[in-house]
Each structure stands twice: as C-alpha cells, then as structure tokens.
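S.K.: Per our numbering, the sequence shown runs over residues 116 to 295. Input: one structure, supplied below.
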Amino acid sequence: MKLKQLFKIAINCTECPLSANRTNVVFGEGPEDAKIMLVGEAPGEKEDQTGKPFVGRSGRLLTDIITESGMDRRDIYITSIVKCRPENNRLPRKLEYTTCIGLYLNKQIDLINPKIIGLLGNSAIYALIGKKNVTQIHGNVYEVDGRKYMALFHPAAAVRFRKLIPQLEEDMLKLKNLID
Numbered sequence: 116m117k118l119k120q121l122f123k124i125a126i127n128c129t130e131c132p133l134s135a136n137r138t139n140v141v142f143g144e145g146p147e148d149a150k151i152m153l154v155g156e157a158p159g160e161k162e163d164q165t166g167k168p169f170v171g172r173s174g175r176l177l178t179d180i181i182t183e184s185g186m187d188r189r190d191i192y193i194t195s196i197v198k199c200r201p202e203n204n205r206l207p208r209k210l211e212y213t214t215c216i217g218l219y220l221n222k223q224i225d226l227i228n229p230k231i232i233g234l235l236g237n238s239a240i241y242a243l244i245g246k247k248n249v250t251q252i253h254g255n256v257y258e259v260d261g262r263k264y265m266a267l268f269h270p271a272a273a274v275r276f277r278k279l280i281p282q283l284e285e286d287m288l289k290l291k292n293l294i295d
C-alpha cells in the first residue's frame, strides 16, 4: 500500500466521532521517503479548512524554526495523531487517537520509515511513547519498537509562551543533527 491509497481510505473514515464535524481530513504532507517525520496533536481550524497540516500561526512558526535549523519543510513529512479536528480545538480523546493511530499513523510511519520521528507536544508524546511532561523531557530521544522518537514542544505552545521558542529551536537543530 502507498500513502495515496491510505489517504483515499482516510477521506471516507467514520471510525470515530471526530469525522462527524470535519471539513477535511488532514492526512499529512511531505515526501514518502522523508528522513524526518513530525507528528503533532490534531488539526486546528485552518488545517481543517485547507486539509494541510500546520498552516496557521503555529505552522508558520514551525516552518521558520525548521528553516533556521538548516532544513526545508518540504523534506519533512508532517502529520498528527488524529486526522480530523476536535471541536473547539479540545485535546483528542483516547478512543480518537488510538483509533487514528491504529488505522493510519502506524501505517504512515511504516510506509515512510523515517530515521527519526519528532513528537510535537504532550498529546503526541503520550500517545506514541507513553511519556508525559514535555517540559522535562523535550530534546530527549527514545527508542520504542525499533524506532527513534524525540520529544519537542508543540509550536502552538511556543506561540503562546514565546520563551519556549529558543528551546524548540535548539531541539529542532538537535533533531536535524541526528540524521546528518
């Protein structure tokens, strides 16, 4: 199976309650042979409107930080633990993220086979590696089931709390250096 085939399945998904209110499935974007995958929490309003991940304010900050670290966003595969926007931008519920991870994200990871997966924020960190408190573990690398993951602050947190930007920049540079 290819990513395009998986996307065609996802756009018709009704496996969890999030599908009822979505405008678009925000499946992910980037090359199928990306060395780096970034996984966020969930699409926001702008992402739901466009069908593309990280296009709002936090997406612009993420793109800037990727660029400042010497990478190109177009070389990174970017997605989230759920593909549909939770109403009022609430956190995804366990049923929602476990369903979406099982049906789509695990397959995306297998198809892309990145060298490292950057987990953006507490929701993605907990859902994929079972760790908590990004404030304490950001920048750390974990190996789970033969895959390498790095915990990073979510760019939306850095938009709200500007003091996190230097830490996110430092961690993104560290992530880049792990694949060089």
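For each residue, glycine too, the CB sits at the ideal point set by N, CA and C.
1) By how many angstroms is the C-alpha of Asp148 removed from the C-alpha of Ser134?
2) Can you grab the Cα-Cα spacing for the pair Asp286 / Lys123, in whole Å?
3) Where do the N-terminal and C-terminal ends of the beta strand (DSSP E) with Glu320 fall, by residue?
4) Per the contact definition of three or more C-beta pairs closer than 8 Å, is the stretch 173 to 184 in contact with the stretch 215 to 227?
5) In angstroms with no decimal places, state the Cα-to-Cα distance between Leu226 and Arg277.
6) Do you know how far the Cα of Thr165 is from the Cα of Val256?
7) So, using beta-carbon positions, are Val154 and Ile196 closer together than 8 Å?
8) Is the CB-CB distance between Arg314 and Glu160 below 8 Å?
9) Using 8 Å as the threshold, is the C-beta distance between Ile294 and Ile151 below it?
10) Compute the distance between the beta-carbons of Phe142 and Lys222, then report whether it is under 8 Å.
11) Would you tell me roughly how many angstroms separate the C-alpha atoms of Thr138 and Ile232, rounded to the nearest one?
12) Quick check on DSSP: helix, strand or coil for Thr178?
M.R.: Working from what's here:
1) So the two alpha carbons sit approximately 28 Å from each other.
2) A straight-line Cα-Cα distance of about 34 Å links Asp286 and Lys123.
3) Since the displayed the chain opens at 116 and closes at 295, residue 320 lies outside it and no answer follows.
4) In short, these stretches do not touch, since the Cβ pair count stays below three.
5) The alpha-carbon atoms of Leu226 and Arg277 are separated by roughly 35 Å.
6) Spanning the two alpha carbons is a distance of roughly 32 Å.
7) Cβ atoms of Val154 and Ile196: closer than 8 Å.
8) Residue numbering for the chain in the displayed model covers 116 to 295; residue 314 lies beyond these limits and cannot be assessed.
9) Taking 8 Å as the Cβ cut-off, Ile294 and Ile151 qualify as a contacting pair.
10) No Cβ-Cβ contact shorter than 8 Å links Phe142 with Lys222.
11) Taking the straight line joining both Cα atoms gives about 27 Å.
12) Residue state, collapsed to three classes: helix.
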